[in-house]
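> Note that our numbering has the sequence shown beginning at -14, numbered continuously upward.
C-beta: ideal position from N, C-alpha, C; glycine also.
These figures come from a predicted structure and were not determined experimentally.
Questions regarding the structure given below will be posed in turn.
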Amino acid sequence: MNKEGTFWINEKEGQLIINDGENEEKYVIEEELNLDSQRYFIMVPAENADDEEQEAFVMKLIGNEGEEVLAHIDNDEEFAKVRQAYLEL
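So, in structure tokens, the structure goes:
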């Protein structure tokens, strides 16, 4: 998942939708975590949501010039903290 573009959350469906101007991708939000004033999403592609073997993506929501942007977690310690919080649910 390396797409950039606009996104929105369909709370009724529990999905995060990313639109890059040409394509729309849907992800099922497995869990939303708030840690240290940071919002994280654990999500899987909607078309594979029922596949228990499907790898999940962990993304964080950050502010960028007044807009909310999804970003990958590049820091191993931060990823470990999010993973541990998810496993403790």
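Helix, strand or coil: which one does DSSP assign to A56?
DSSP places A56 in strand when its eight states are reduced to three.
> Whole angstroms is fine: what's the gap from N4's alpha carbon to E10's?
The alpha-carbon atoms of N4 and E10 are separated by roughly 7 Å.
> Alpha carbon to alpha carbon, how far is K(-3) from E16? Give it in angstroms, no decimals.
Taking the straight line from one Cα to the other gives about 14 Å.
> With a Cβ-Cβ cutoff of 8 Å, do K45 and I58 count as a contact?
Yes, these two residues count as a Cβ contact at 8 Å.
> Go through its chain and collect everything with a Cβ distance to I47's Cβ below 6 Å, but skip five positions before and after it.
Once the five neighbours on either side are set aside, the close Cβ partners of I47 are V54 and A56.
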